[in-house]
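A.B. asks:
In full-length UniProt numbering, the protein residues as written are 1 to 302.
Quick look at the structure:
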């Protein structure tokens, strides 16, 4: 099979359109169409079903697309390693983590990383789904549990817990609960236990809701929960890593908390020598140490 035709096939399959693929490849639609027809003739099969809304892969097309996708990821990995300089850090780094940790802890700190490496390009992928690092869906992951995938280098960063927080303004207006039963008189802000989230947080929310809390605000990520708390809507279930950056949060019911949740940084073994990955890993570890010192200082002040 002709490598150039495979490249064009992959672009068409990915875009689902000859026109869009041609735009991405800087080729005319007719040139792309000719290459696809030539590839189909060389294979003796039809790769696409053509209809008014675009192109759909046939079963044979799906098989070929799986193969070209794997090839593309391996080529991207090879190109990334080749581009890595021994002295400079530049190029794209795809980092995946949860919405809460990514928006509330990681993103605000990235300015320091960019100051150190101004030519670095970070693609931050925030979702609860665990992306497949060996298949290069991302380069580095920060996750709230130890990765189960093989062939990953992993580093335990810290342990966190989910706890109850409110603002002093809210507590002055509505009173401070002394027991879980007192939460019936307050509005609970949390993630719905059935939404994708850290299991320890879901279990804590279920425990609290079992005390017949009458008014709630549920949001599908911790960023939304935090905004509700900061705007004095109620008492929120939030990860404790927020207390350093948001000193206006006051802990409520100190005996109520989730079990410890480990936070891991992981990346594929093949990226061990990547300057970008090393720079990001070292940066995160430095920030974790600074965060821990601040946290210990705040605890001592209390």
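By construction, the Cβ of each residue, glycine as well, lies at the ideal position given by its N, Cα and C atoms.
Would residue 2 be called buried (16 or more neighbouring beta carbons within 10 Å of its own) or exposed?
C.D. replies: exposed
A.B. asks: Cα separation between residue 110 and residue 136?
C.D. replies: 22 Å
A.B. asks: Three or more C-beta pairs closer than 8 Å, one from the stretch 263-283 and one from the stretch 141-160: is that the case here?
C.D. replies: yes
A.B. asks: Return the first residue and the last residue of the beta strand (DSSP E) that residue 303 is part of.
C.D. replies: Examination of residue 303 is not possible in this model, given that the chain is present from 1 through 302 alone.
A.B. asks: Check each candidate in 167, 99, 31 and name the one with the smallest Cα separation from residue 250.
C.D. replies: The shortest Cα separation from residue 250 among 167, 99, 31 belongs to 167.
A.B. asks: Taking one C-beta from the stretch 119-139 and one from the stretch 233-245 each time, how about it: are there three or more such pairs within less than 8 Å?
C.D. replies: no
A.B. asks: Among the residues of its own chain, which have a CB less than 7 Å from the CB of residue 211, if the five just before and after it don't count?
C.D. replies: 180, 181, 183, 184
A.B. asks: Using the rule of at least 16 other Cβ atoms within 10 Å of the residue's Cβ for burial, across every protein chain shown, is residue 206 buried or exposed?
C.D. replies: Per the 10 Å Cβ criterion, exposed.
A.B. asks: Since residue 190 sits in a beta bridge, which residues does DSSP pair it with?
C.D. replies: 218
A.B. asks: How would you label residue 86, buried or exposed, when you count the other beta carbons within 10 angstroms and need 16 or more for buried?
C.D. replies: Residue placement at residue 86 cannot be trusted, given a pLDDT of 47 that sits under 50; the coordinates are not used to answer.
A.B. asks: Assuming residue 43 is part of the alpha helix (DSSP H), what are its boundary residues?
C.D. replies: 29-43
A.B. asks: At 3 residues or longer, what runs of the beta strand (DSSP E) sit wholly inside the stretch 119-170?
C.D. replies: Qualifying beta strand (DSSP E) stretches, in chain order: 120-126, 140-143, 152-160, 162-167.
A.B. asks: Contact check, residue 95 vs residue 221 under 8 Å by CB: the rounded distance?
C.D. replies: Contact between residue 95 and residue 221 fails: their C-beta atoms lie close to 17 Å from each other, not under 8 Å.
A.B. asks: Determine which residues share a DSSP beta bridge with residue 195 and list them.
C.D. replies: DSSP lists no partner for residue 195.
A.B. asks: Counting only runs that start and end within the stretch 232-263, where is the beta strand (DSSP E) found for 3 or more residues in a row?
C.D. replies: 235-239, 249-257
A.B. asks: Between which residues of its own chain and residue 159 is the CB-CB distance below 8 Å, once the five residues before and five after are set aside?
C.D. replies: Here the set comprises 260, 261, 262, 263.
A.B. asks: For a test of the three-state rule: what should DSSP assign to residue 51, helix, strand or coil?
C.D. replies: strand
A.B. asks: Would you tell me roughly how many angstroms separate the C-alpha atoms of residue 229 and residue 165, rounded to the nearest one?
C.D. replies: Distance between the alpha carbons of residue 229 and residue 165: 8 Å.
A.B. asks: Tell me whether residue 303 sits in a helix, a strand or coil according to DSSP, three-state version.
C.D. replies: No statement about residue 303 is possible, as the shown extent of the chain runs from 1 to 302 and does not include it.
A.B. asks: Within 10 angstroms of its Cβ, does residue 38 collect 16 or more other Cβ (buried), or is it exposed?
C.D. replies: exposed
A.B. asks: Which stretch, first to last residue, makes up the alpha helix (DSSP H) that contains residue 269?
C.D. replies: Run containing residue 269: none; DSSP gives neither H nor E here.
A.B. asks: Looking at the unbroken alpha helix (DSSP H) that takes in residue 3, where does it start and where does it end?
C.D. replies: 3-15
A.B. asks: Check whether the Cβ atoms of residue 162 and residue 198 lie closer than 9 Å to each other.
C.D. replies: yes
A.B. asks: Please report the Cβ distance between residue 268 and residue 151, rounded to the nearest whole angstrom; I am assuming they are in contact, meaning their Cβ atoms lie under 8 Å.
C.D. replies: That pair is a contact at about 6 Å.
A.B. asks: Alpha carbon to alpha carbon, how far is residue 17 from residue 305? Give it in angstroms, no decimals.
C.D. replies: Because residue 305 is not part of the residues shown, which for the chain are 1 to 302, the question remains open.
A.B. asks: Given residue 108, which residues of its chain have a CB within under 8 Å of its CB, disregarding the five upstream and five downstream residues?
C.D. replies: For residue 108, where only same-chain residues beyond five positions count, the Cβ hits under 8 Å are 245.
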